[in-house]
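All residue numbers for the sequence shown refer to this note's numbering, where the first residue is 13 and numbers rise by one.
Beta carbons are placed, not taken as given, at the ideal position from N, Cα and C, and that holds for glycine.
If you're wondering where the values come from, they're calculated on a predicted model, not measured in any experiment.
Here is the structure we will look at, set down as structure tokens.
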Amino acid sequence: MATTADVHPVDEIPPARQLAAFGLQHVLAMYAGAVAVPLIVGGAMKLSPADLAYLITADLLVCGIATLIQCVGFWRFGVRLPIMQGCTFAAVSPMVLIGTTGGGLPAIYGSVIVAGLAIVLLAPVFGRLLRFFPPLVTGTVILIIGASLLPVAGDWAAGGAGAKDFGEPRNLALAGFVLAVVLGVQRFAPVFLGRIAVLIGIAAGLAAAVPFGFTDFSGVGDAEWVGISTPFHFGAPAFKASAIVSMLVVALVSMTETTGDLIAVGELTGRKVEPRTLADGLRADGLSTVLGGVFNTFPYTAYAQNVGLVGMTRVRSRWVVAAAGGILVLLGLLPKLGAVVAAIPAPVLGGAGLVMFGTVAASGLRTLARVDFKGNDNLTVVAVSVAVGMLPVGVPTVYAKFPDWFQTVMNSGISAGCLTAIALNLLFNHLPARAGSGSVTESQVLPSGGGEEAVEQSREEVV
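Now the structure itself:
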């Protein structure tokens, strides 16, 4: 990788062959999650196979465009960090409800467009909230992001949720083989190969899966060579008040999740996210969501799966992820290529996902290692935040009796844990101390309460 002394690793441009390999690795890491949202929503609405295929190709196309906006950026749009964009799972339940009872796809797209515009307008407000994300909060949120993704990797490793052979030993054996290859390449291979350990592991797993009957390439022959998503393919958007309100709640959840992901990538790459860059990243989310509503797909957010890949491979260039965005655009325009990638068995992705998502959680622990836990309540902040964040992950139906808006917020472990960490940090480290407790006041707590003087002061100065 060619570098100069004054170029930050985030801005380095690797050679073309490395760009392609690193970029493909990012695509494979997020592909299953990217196509899951249109499959779930389209399946719930009982769309035809042709319409489902159209949703998927439209999703991949806008995923690529959204990633390019976020990584490359223009004017005040894009955080310019290695961030992959994909459809947010927080919107799945509201969209299924809107689509099946509230007006179909046109009502979904109308609410998505309004939510995207709201994100663009609210982005500067969220940017000014960065002072409430000291290492105590960011480390906790990153830990929750990684831990909440591990069940996804577990489902993949077992064969994919809903698979007839879910949990079969051969599925777990294939996932274990991929994991062993990834670890072996990281430990014993040259540095360059170590950086594409996940790609090598997936390729080895796919090679092993073919002779044992794991793969099904029948969809490749049926797929079209060229497919172009046109605006409002399913009709003009419909703007229904109830649908818009539901999607605005999703927008707030998505902004909270994206804030955590952007801060996590900033920590991993050594380029701290500042209020202005955070607002730029959220503004790009909003623009991508508007494009999603126009081009027949759904709301977009930063993908935590790829945050783990950045931390694991230590490849910090945003141009690598921009190359991944270009590959997604090709997959969206060439459905046959997308069908080839879709044929990768779930256990192969699961083996790679275990190490990637675990890396995200470990990165959160590394951030928390900078926090002082002596003589304060910081341990309580972390403990309760992680507990609240993991509750819907471990017990998915825990909030089933609550109103829809509450479920939308709290069923996302990332947003639930993030909001809890922010609130508890304010409660214990920003409010005046109890009378006679011997604790310091708010002005003293900010630099000392979390053992985070240097980082907190620098962020305060930025704000």
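Asked: Determine which residues share a DSSP beta bridge with T150 and list them.; Found: T150 is not bridged to any residue.
Asked: Please report how far the alpha carbon of G293 lies from the alpha carbon of P181, in whole angstroms.; Found: 42 Å
Asked: How many whole angstroms separate the CB atoms of L290 and L148, which I take to be in contact at a CB cut-off of 8 Å?; Found: That pair is no contact at about 18 Å.
Asked: Just verifying my parser: in three-state terms, what is the DSSP assignment at T309?; Found: coil
Asked: Give every residue of the same chain whose Cβ lies closer than 7 Å to the Cβ of A433, excluding the five residues on either side of it in the sequence, and list them in chain order.; Found: V149, T152, V153, V393 and S397
Asked: Terminal residues of the continuous beta strand (DSSP E) containing G98?; Found: Q97 to C99
Asked: Excluding the five sequence neighbours on either side, which residues of its own chain have a C-beta within less than 7 Å of the C-beta of W237, listed in chain order?; Found: L346 and K348
Asked: Here's the rule I'm using: 16 or more other beta-carbon atoms within 10 Å means buried, otherwise exposed. How should W87 be labelled?; Found: exposed
Asked: State the Cα-Cα distance for the pair L93 and G272, rounded to the nearest angstrom.; Found: 14 Å
Asked: For the alpha helix (DSSP H) containing R199, name the first residue and the last one.; Found: P181 to F200
Asked: Would Q282 be called buried (16 or more neighbouring beta carbons within 10 Å of its own) or exposed?; Found: At residue 282 the sequence reads Gly, which differs from the Gln that was named. The residue is exposed, with fewer than 16 neighbouring Cβ atoms inside 10 Å.
Asked: For the pair the segment 29-43 and the segment 327-341, tell me if three or more CB-CB distances fall below 8 Å.; Found: yes
Asked: Can you round the beta-carbon distance between P106 and M259 to whole angstroms, since I take them to be within the 8 Å contact cut?; Found: 6 Å
Asked: Once DSSP output is grouped into helix, strand and coil, what is the label at A170?; Found: coil
Asked: Is A175 helix, strand or coil when you go by DSSP?; Found: coil
Asked: By a C-beta neighbour count over all protein chains shown, 10 Å radius and 16 as the cutoff for buried, is A219 buried or exposed?; Found: exposed
Asked: In whole angstroms, what separates the C-alpha of G225 from that of G179?; Found: 16 Å
Asked: Looking only at C-alpha atoms, which of V39, F89 and M57 sits nearest to D297?; Found: F89
Asked: Excluding five sequence neighbours on each side, which residues of the same chain lie with their C-beta closer than 7 Å to the C-beta of V84?; Found: G90 and A334
Asked: For T79, which residues of its own chain have a beta-carbon under 6 Å away from its beta-carbon, when the five flanking residues on both sides are left out?; Found: M96, Q97 and G337
Asked: Assess, as a yes-or-no matter, whether the segment 158-173 is touched by the segment 301-309 under the definition of 3 or more beta carbon pairs within less than 8 Å.; Found: no
Asked: Could you tell me which residues DSSP pairs with A314 in its beta bridges?; Found: Q97
Asked: Thinking just about the alpha-carbon of each residue, which of A102, V210, P311 and P444 is nearest to the one in R326?; Found: V210
Asked: Buried or exposed: L365, going by 16 or more other Cβ atoms within 10 Å of its Cβ?; Found: First, the residue type needs correcting, since residue 365 is Gly and not Leu in the sequence shown. G365 is buried by the Cβ-count criterion.
Asked: With distances taken Cα to Cα, identify the nearest neighbour of F101 among T409, L431 and G425.; Found: G425
Asked: For V124, I'd like the list of residues in its chain whose CB is within less than 7 Å of its CB, leaving aside the five on either flank, ordered along the chain.; Found: M259, T301, G304, G305, F310 and P311
Asked: Less than 8 Å separating the beta-carbons of F251 and V126?; Found: yes
Asked: Is F204 helix, strand or coil by DSSP?; Found: helix
Asked: Just reading off the alpha helix (DSSP H) that F144 is part of, what are its end residues?; Found: Counting along the chain, F144 falls outside any alpha helix (DSSP H), and DSSP gives it neither H nor E.
Asked: Within 10 Å of its beta-carbon, does A395 have 16 or more other beta-carbons around it, so buried, or fewer, so exposed?; Found: exposed
Asked: Take A263 and list the residues in its own chain whose beta-carbon comes closer than 6 Å to its own, dropping the five residues that flank it on each side.; Found: A127, A130 and I131
Asked: Using the Cβ count rule (16 or more neighbours within 10 Å means buried), how would you classify G406?; Found: exposed
Asked: Could you check the C-alpha separation between G76 and A381 for me, to the nearest Å?; Found: 35 Å
Asked: Below 8 Å CB to CB, which residues in the same chain sit around G387 once its five sequence neighbours on both sides are set aside?; Found: none
Asked: Express the C-alpha separation of V193 and P202 in angstroms, rounding to a whole number.; Found: 14 Å
Asked: For G401 versus S254, is the C-beta spacing smaller than 8 Å?; Found: no
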